[in-house]
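Just below is one structure, and these are the notes that go with it.
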Amino acid sequence: GVVESVTLGTEQSMELGGGSVAVDFVILPEGFGQRKHIDISRTIGQIRTDLEKELEIPESSLFMMNMSGAVEFAEVLPDDKGLRDFGIKGGDQVGIELRINYYQEQPAEDYVMPDALELRVTDQQGREKVVTVHVQRPVAEKTYLGGFRNKLYGTTFHHASTQTAPVQKNDLDVIRFHREVQTYEYRTRSTQCTRENGTQMPKVGLFIDSTRDVEMAPRRPYFSSADQAALRLEKCVIIQCHARGMVARRRARQLCKERAHRWELEASEEQRRWFEADLRHKREVERRMHPKTFEDFNVLYKELEAWRFNEANRIAKSGFDEAARRAAQRELLHKETKLLQTIDKLKIKAHAQNRDSKIKRKLESMSHPKVWAQADGETTTVHTPFTTRAKELMDLYSGLRLPLLTVDERLDVLLHVKWTVKEFDCNLTREVVDLIDREADMLNRGRPEKSFAGLRRRLANLFLQFIETPEFNPEAVRLQKVSRQLCDQSGTHPLSTVPIRGLGQA
553 GVVESVTLGT EQSMELGGGS VAVDFVILPE GFGQRKHIDI SRTIGQIRTD LEKELEIPES
613 SLFMMNMSGA VEFAEVLPDD KGLRDFGIKG GDQVGIELRI NYYQEQPAED YVMPDALELR
673 VTDQQGREKV VTVHVQRPVA EKTYLGGFRN KLYGTTFHHA STQTAPVQKN DLDVIRFHRE
733 VQTYEYRTRS TQCTRENGTQ MPKVGLFIDS TRDVEMAPRR PYFSSADQAA LRLEKCVIIQ
793 CHARGMVARR RARQLCKERA HRWELEASEE QRRWFEADLR HKREVERRMH PKTFEDFNVL
853 YKELEAWRFN EANRIAKSGF DEAARRAAQR ELLHKETKLL QTIDKLKIKA HAQNRDSKIK
913 RKLESMSHPK VWAQADGETT TVHTPFTTRA KELMDLYSGL RLPLLTVDER LDVLLHVKWT
973 VKEFDCNLTR EVVDLIDREA DMLNRGRPEK SFAGLRRRLA NLFLQFIETP EFNPEAVRLQ
1033 KVSRQLCDQS GTHPLSTVPI RGLGQA
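Just so you know, we're using our numbering here: the sequence shown kicks off at 553 and counts up by one.
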């Protein structure tokens, strides 16, 4: 076993002056562990072979890795190295991880086909009956007609072409004709040229008259094929030179164009980044000078707290005496109070601006015309009587909120508002008429503008309540968050039996 062989190796090494090492083996991922004392002169391959024999697993299926303890080695341990090669000394203690990786095929159960099979089938009349099929077992083993046999597991794979009979193709014996047989007519014609020519060389028994022979010399020297090839090569080089120059110039123009385009993109990107940074800076300055949202005020409060904390630390570390430190702290508290008051004033101002913008968006939503999409992609815009009514009420409300109007212009606006609300008789409209009469009387008396602030604010709020009431403005139904049946608004109930005082009457 592994323990006996390892112990024997340890005793021999002790006699030779070596040593043993305590090795903790851990099998992953199961986590099983065992400690063994191994001779320091043994190699990783010998230790792995002994462990494979002890665990009864195939060869080369055990991996030893990640040595820890006296020596750290974070990879697979090589088989040719011994424990001494890793720097391990006698008496040290190390840990080694073991991983087992092999596939053990489970034997499949042999299928035994019965001698007879009972099958349930349905005939043409829909009746179900049982048919017995007798199995004829082959006397001899099936012949191997071709395929692939796995030598390791003994599995045989057959080729389909050797197991299945080929499909018989029908030979139709189609008569095929050549095209020229059907389209051409062949004829044979003989002809005789009007001029005949021939060449006869002198020979024995033949006399050839040479008195009229003429020797002719070429006007230009002989131009051989080698000269023609050299001339063709020279002209090809010239053509190639011009062609390459054209390609190079075209490539240079393309590169210049790409460089100019890249520079333009970089310049536009730089300008965009600068513009965005400038917009962010202006936005940060604007949100601190004129805060409007909850996040803007949070920024102010955080910056105020950071400033107060820094000032308090500066005063604490300044080394002032008690009196000077108290005075500096009082001054800091005074400045912080002033800044908090300024933030509160900005908050009140922002609340008023946000309320005005919200009211404006609501009135504009009521007065917008109806829009329908058509099948051709166009839109149809229609002003209904309700949207027209909402538009008129929005204009009257805007006129009530306009500052710096003359007395005549203000009286004209008040008169239009009065006749608008007098169409309905209820507590709300009576109160609006009463406020209009009171402001008209004060205008006729020449009272200063600051004395109208509270009166005009209440008049605008009551007229806004008039606009938001569906009985007076049907378009307000879309913006109602709570059903009218769930809330009691006694101010809008009709009071037809009580007279309404006229404009200018006490």
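Virtual Cβ for every residue (Gly too), placed ideally from N, Cα, C. Small disclaimer: the values here were computed from a predicted structure and weren't measured.
Inset, instruction - Rank F1015, L963, L669 by C-alpha distance to the C-alpha of R982 and give the top, closest one. - result: Checking every option, the nearest Cα to that of R982 belongs to F1015.
Inset, instruction - Can you have a look at N862 and say buried or exposed, based on whether 16 or more other CB atoms are within 10 angstroms of its CB? - result: exposed
Inset, instruction - Can you tell me which of the three DSSP states K914 falls into? - result: helix
Inset, instruction - Specify the secondary structure class of M616 as computed by DSSP and reduced to three states. - result: Assignment of M616 by DSSP, reduced to helix, strand and coil, places it in the strand class.
Legend entry - Nearest-angstrom beta carbon gap, A942 and E1027 [assumed within contact, 8 Å]: 4 Å
Inset, instruction - Might you give, ordered along the chain, the residues of its own chain that have their beta carbon closer than 8 Å to the beta carbon of Y853, omitting 5 neighbours on each side? - result: I895
Inset, instruction - Count the other CB atoms, across all protein chains shown, that sit within 10 Å of the CB of V789; report buried if there are 16 or more and exposed otherwise. - result: Per the 10 Å Cβ criterion, exposed.
Inset, instruction - Find out if the Cβ-Cβ distance for the pair L580, M616 is shorter than 8 Å. - result: no
Legend entry - 6 Å CB neighbourhood of R835 in its chain, flanking five on each side removed: none
Legend entry - Length of the line joining the Cα atoms of K588 and P610: 21 Å
Inset, instruction - Taking only beta-carbon positions, decide if N749 is within less than 8 Å of chain B. - result: The chain inventory of the structure shown lacks chain B, comprising one protein chain alone.
Legend entry - Sub-8 Å separation of F513 and G699 beta-carbons: Beyond the ends of the chain as shown, which are 553 and 1058, falls residue 513; an answer cannot be given.
Legend entry - Coil, strand or helix - K586 by DSSP: Residue 586 is actually Gln in this sequence, not Lys. Here Q586 sits in strand by DSSP.
Inset, instruction - Could you pull out every unbroken alpha helix (DSSP H) segment of at least 4 residues lying fully inside the region 971 to 996, listed in chain order? - result: 979 to 996
Legend entry - Given R600 as reference, the closest of I648, A781, D830 once Cα atoms are compared: I648
Inset, instruction - Pull up the distance between the alpha-carbon of T751 and that of C745, whole angstroms please. - result: 17 Å
Legend entry - Terminal residues of the alpha helix (DSSP H) in which G951 lies: Per DSSP, G951 belongs to the alpha helix (DSSP H) from 937 to 953.
Legend entry - Beta-carbon proximity list for A622, same chain, < 7 Å, skipping 5 on both sides: Closer than 7 Å at the Cβ level, and outside the excluded window around A622, lie I640, D644, Q645, V646.
Inset, instruction - Taking 8 Å as the cut-off, decide whether the C-beta atoms of V682 and E670 are in contact. - result: With contacts defined by Cβ atoms closer than 8 Å, V682 and E670 form a contacting pair.
Inset, instruction - Output yes or no for whether 8 Å exceeds the beta carbon distance between V969 and L952. - result: yes
Inset, instruction - Using only alpha-carbon positions, find the residue among R997, A927, A1005 that is nearest to L956. - result: A1005
Legend entry - Whole-angstrom distance between R739 and R764, CA atom to CA atom: 45 Å
Legend entry - Assigned exposure category for L614 - 16 Cβ within 10 Å defines buried: buried
Inset, instruction - Can you say whether R913 is buried or exposed, counting buried as having 16 or more other CB atoms within 10 angstroms of its CB? - result: exposed
Legend entry - Between the CA atoms of D662 and Q677 - distance to the nearest angstrom: 40 Å
Inset, instruction - Return helix, strand or coil for A875, following the three-state DSSP convention. - result: helix
Legend entry - Per-residue DSSP class, three states only, for K1033: coil
Legend entry - Option in E1020, L995, I1019 with minimal Cα separation from R1008: For R1008, the nearest C-alpha among the options comes from L995.
Inset, instruction - Keeping to the same chain, check which residues put their C-beta closer than 8 Å to that of I1052; ignore five residues upstream and five downstream. - result: The predicted model places I1052 with a pLDDT of 42, which falls under 50 and marks its position as unreliable; any figure quoted below should be read in that light. Correct list, in chain order: K974, D977, T981, R982, V985.
Inset, instruction - Compute the distance between the beta-carbons of L915 and M946, then report whether it is under 8 Å. - result: yes
Inset, instruction - Work out the CA separation of M619 and I653 for me, nearest whole Å. - result: Reading off the sequence shown, one finds Asn at residue 653, where the question assumed Ile. Using only the alpha carbons, I get a separation of about 19 Å.
Legend entry - Contact the region 590 to 608 vs the region 625 to 637: 3+ CB pairs below 8 Å: yes
Inset, instruction - Give me the Cα-Cα distance between A904 and N850, rounded to the nearest whole angstrom. - result: 18 Å
Legend entry - Buried versus exposed call for F846 [16 or more other C-beta atoms within 10 Å across all chains shown]: exposed
Legend entry - Cα-Cα separation, T936 to Y949: 20 Å
Inset, instruction - Excluding the 5 residues preceding and the 5 following G585 in the sequence, name in chain order all residues of the same chain whose CB lies nearer than 8 Å to its CB. - result: D576, F577, V578, I579
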